[in-house]
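Counting from 1, one number per residue, gives the positions in the sequence shown under UniProt numbering. Beta carbons: idealized from backbone N, C-alpha and C, even for Gly.
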Amino acid sequence: MQTCGAGLPVAGSGTNGGSLVLGGIEPSLYRGDIWYTPIKEEWYYQIEILKLEIGGQSLNLDCREYNADKAIVDSGTTLLRLPQKVFNAVVEAVVRTSLLYIQPMMGAGLNYECYRFGISPSTNALVLGATVMEGFYVVFDRARKRVGFAASPCAEIAGAPVSEISGPFSTDDIASNCVPALPLNEPVLWVVSYTLMSVCGVILLILIILLLLPSRCRHLPRDPEVVSDESSLVRHRWK
């Protein structure tokens, strides 16, 4: 998937639009090598974030903070979404280094250039959305359980790329597992939820059937010694 837009076409260069290729890789849509990272969970395109840097300086956070409670690649999310603690550290670093991470806003009738901050806080995941993906050619490889990134030729200003990718990097200073352990992952929760709903549905159906069936009462033989109201009245009348 090639999502163009990072080249800021409002400034007169770059390209809007992009490309979606199903079932293969198109060499003309990227430059250099494709760098892959494994998919941790197939429910989403969940990956493992080891480190974040702003202006070449690491945020120096525990890598589990970046993956709380998951880190995913999602083209349907517009911004780069970060867990609150990570977001606060990024904003502080951006202010400290005087860097901008902005996204152009284009709309009908606007005769001026407008921008917004391309990063927002998140309560449940780190999401690499379109703000990040616009600078790369992204390969969603479910067959090999991996996601790949390569430089995109449409993310350029005056012929200079606005994004780059390189590697590999040393992970000696990184924790052995940056994905926090969860008691239950979301697929299991969905299975449990559907199971409980099915059980409730069966119980409700049984109750409805019992209510609709005609009641059958067995007439027990009367004890001759037992006097009913009717027999008492009759006997009293004849007396």
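Reduced DSSP secondary structure (H/G/I, E/B, other) of residue i
| i | result |
| --- | --- |
| residue 201 | helix |
| residue 77 | coil |
| residue 232 | Below a pLDDT of 50, predicted positions are generally treated as unreliable, and residue 232, at 49, falls in that range; the measurement from the model is reported next regardless. Of the three classes helix, strand and coil, the one that applies to residue 232 here is helix, per DSSP. |
| residue 35 | strand |
| residue 192 | helix |
| residue 115 | strand |
| residue 213 | coil |
| residue 121 | strand |
| residue 166 | coil |
| residue 29 | helix |
| residue 102 | strand |
| residue 174 | coil |
Where the alpha helix (DSSP H) through residue i begins and ends
| i | result |
| --- | --- |
| residue 97 | 84 to 97 |
| residue 130 | 130 to 133 |
| residue 289 | What is shown of the chain runs 1 to 239, which leaves residue 289 out entirely. |
Beta-carbon contacts of residue i that lie in its chain and below 6 angstroms, excluding the five residues immediately before and after
| i | result |
| --- | --- |
| residue 81 | 120, 122, 127 |
| residue 167 | 35 |
| residue 71 | 47, 49, 126 |
| residue 85 | 65 |
| residue 33 | none |
Residue i - containing beta strand (DSSP E), residue span
| i | result |
| --- | --- |
| residue 151 | 146 to 151 |
| residue 139 | 136 to 141 |
Buried or exposed by the 16-neighbour rule on C-beta atoms within 10 Å, applied to residue i
| i | result |
| --- | --- |
| residue 124 | exposed |
| residue 46 | buried |
| residue 200 | exposed |
| residue 140 | exposed |
| residue 165 | buried |
| residue 30 | buried |
Contact set for residue i: own chain, Cβ-Cβ below 7 angstroms, skip 5 residues either direction
| i | result |
| --- | --- |
| residue 68 | 83, 180 |
| residue 21 | none |
| residue 191 | none |
| residue 51 | 58, 63, 174 |
| residue 39 | 45, 46, 47, 145, 146, 147 |
| residue 89 | 59, 61 |
Neighbour flag for residue i against chain B, beta carbons, 8 angstroms
| i | result |
| --- | --- |
| residue 130 | No chain B is present in this structure, which holds just one protein chain. |
DSSP beta-bridge partners of residue i
| i | result |
| --- | --- |
| residue 160 | 157 |
| residue 41 | 46 |
| residue 208 | Per DSSP, none; premise fails for residue 208. |
| residue 18 | 3 |
| residue 72 | 46, 127 |
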